[in-house]
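Residue numbers (this note's numbering), protein chains in the order written: chain L, 114 to 384; chain Z, 114 to 384. C-beta atoms are modelled at their ideal positions from N, C-alpha and C, and glycine is treated no differently. Structure first, then comments.
As structure tokens, this is what we get:
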């Protein structure tokens, strides 16, 4: 992939559509543009899923959705984009269990499929970098560590389950700046939900030496730093998997997101 | 108060304005119309409070707010209404501590005061009654029992704290109907957040014989019934009190709400 091909989300989507996108992750692509988590459900579950997002916006910030059966991504999010082909790859789950990974899902898309697009924390990470507070996993060139928690979502119809959080270590003295920088990103999880040993205890996270996250890579926490926990877009996927609904559910492959035409400032509240 | 005076919210607001409203509660007044919790803050805290609502919409469903310094309630909520006079009474808190109760707050209202209006569960209670599932406290002519919980809100700037829940006992066999009936009321707390012994344990509620709620009146739980817990509009008041912000904060007196011109169906999602 040449540098020019990385510059615009549309280029990346075309690469995906041509099954020519080979990178393990979309992290860092098209700086300044937003990316989305994708989840595709039968339309009979759409109202409950929409409500799961409305009741739990920190974990499940909904950016938009398709019409039932229409694979066109809303123009407001991405121009001329087909959700069946424009992610790098897809994870297919059947009856709540991972079944296979595919590069496109034309044959899996149904007349009653609805795709939901959920905000991604890459947006506020760029702002943290710009303000001299780069997340450790970026410095280490790793995936962000993510943890399942005991924190229950507000249930919505068939969906419930628990919050998943991502973790970035920061010095306590920098915590208020980290909160201030991430606060405006209301559509991409926003400011942290908890921090420190007290936060870990509340969330039920026991991996205090950071070596064994539930998803992503281990990170390094240095002397004087505390773990800072943020809402995470893996939450709605786990909620759907844990709900016990039968049939086929499709998500983007974690880390390999749908590239959007909207910019980070578009998912950021201006005060 | 004559029956005709109870019929329209505007009449009740005029009674309040003339300091002629004497009932202990607005529960059951003007059936079909919505009521609002009110909280009044200095404008420097408005952005954080707005965000507290956006991040915790089940506990803190924001219906609207005034312009800073302008006591006019938004026309979309109530016509020709002055927030300084149109609640039955007000509780004034200074530095987080209850100071006094007043019938109007013209002298307390400042150039930088902002009033927020928050949805109230009276709306879905009418729907429960209509569907043959009347909440027990209405049958007993008592206030709904409310409990402080261990469930943390997603913090928002200076505001954080814990969810307060209201409790209504139902038979387990009726739970799914109760969930279905209350689900659409997205602006007035919506479907329950937890239920049963498992729910009480998760929320940290130990008053299992229902004799000692933190707010409101005790209720009766019958054989075969479980406690069903809903988000509660007392939550944002407690969050503000517990935030440690200095200065004056004003709320409506609990149970004595602002009568709105909007109807229950206006705060109800149509699926």
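Spanning the alpha carbons of residue 125 of chain L and residue 269 of chain L requires a straight line of approximately 35 angstroms. Proximity of residue 171 of chain Z to chain L, defined by a Cβ-Cβ separation below 8 angstroms, is satisfied. In terms of beta-carbon proximity, residue 256 of chain Z stays away from the interface with chain L, with every pair separated by 8 angstroms or more. Taking a C-beta distance under 8 angstroms as the contact criterion, residue 249 of chain L and residue 290 of chain L do not qualify as a contact pair.
As the crow flies, the alpha-carbon of residue 258 of chain Z is around 24 angstroms from that of residue 356 of chain Z.
Taking 4 residues as the shortest admissible run, the segment 227-281 of chain Z contains the following complete alpha helix (DSSP H) segments, listed from N- to C-terminal end: 235-243 and 249-252. Separation of the CB atoms of residue 221 of chain L and residue 363 of chain L is rounded to 6 angstroms, and the pair is thereby assigned contact status at 8 angstroms.
Of the candidates Z/159, Z/288 and Z/298, the residue whose Cα lies closest to the Cα of residue 232 of chain Z is Z/298. Taking a C-beta cut-off of 8 angstroms against chain L, the contacting residues of the segment 294-315 of chain Z are 296, 299, 303, 304, 305, 306, 307 and 315, listed in chain order.
Contacts with chain Z (Cβ-Cβ distance below 9 angstroms) from the segment 239-270 of chain L involve 263, 264, 265, 267, 268, 269 and 270, listed in chain order. Between residue 152 of chain Z and residue 140 of chain Z, the alpha-carbon positions lie close to 19 angstroms from each other. CA-to-CA, the gap between residue 277 of chain Z and residue 314 of chain L works out to about 21 angstroms.
Here residue 166 of chain L has 173 and 175 as same chain residues with Cβ atoms under 6 angstroms from its own Cβ, once five neighbours each way along the sequence are excluded. Around residue 290 of chain Z, no beta-carbon contact reaches into chain L at under 9 angstroms, the shortest distance being about 13 angstroms. Within the model, the alpha-carbon separation for residue 186 of chain L versus residue 156 of chain Z is close to 39 angstroms.
Within chain Z, the C-beta atoms nearer than 7 angstroms to that of residue 167 of chain L come from 170 and 299, in chain order. Residue burial annotation: residue 144 of chain L is exposed, with fewer than 16 other C-beta atoms found within 10 angstroms of its C-beta.
Around residue 176 of chain L, no beta-carbon contact reaches into chain Z at under 7 angstroms, the shortest distance being about 15 angstroms.
For residue 285 of chain L, the nearest beta carbon of chain Z is not closer than 8 angstroms to its own beta carbon.
The shortest CA-to-CA distance from residue 308 of chain Z to any of Z/342, Z/333, Z/284 and Z/169 is the one to Z/342.
If you look at residue 162 of chain L, you'll find it in the alpha helix (DSSP H) that goes 159-168. Rounded to whole angstroms, the Cβ separation of residue 184 of chain L and residue 193 of chain L is 12 angstroms, and the two are not in contact under 8 angstroms. Among the bridge pairs identified by DSSP, residue 222 of chain L is matched with none. Here residue 307 of chain L is bridged, per DSSP, to L/342. Comparing C-alpha distances from residue 367 of chain L to each of L/358, L/360 and L/348 shows the shortest one belongs to L/348. According to the DSSP assignment, residue 372 of chain L belongs to the beta strand (DSSP E) that extends over 371-376. With its beta carbon less than 8 angstroms from one in chain Z, residue 164 of chain L belongs to the interface.
Of the residues L/127, L/373, L/214 and L/146, the one whose Cα lies closest to the Cα of residue 239 of chain L is L/146.
By the CB criterion at 8 angstroms, residue 177 of chain Z and residue 164 of chain Z fall outside the cutoff. Our two residues, residue 288 of chain L and residue 264 of chain L, have alpha carbons roughly 22 angstroms apart in a direct line.
Per DSSP, residue 214 of chain L is not a residue of any alpha helix (DSSP H); the beta strand (DSSP E) it occupies stretches across 210-215.
When C-alpha distances from residue 256 of chain L are compared across L/345, L/212 and L/162, the shortest belongs to L/345. Excluding its 5 nearest sequence neighbours in each direction, residue 162 of chain L has C-beta neighbours in its own chain below 7 angstroms: 154, 229 and 272, listed in chain order.
Here DSSP, grouped into helix, strand and coil, assigns residue 137 of chain Z to coil.
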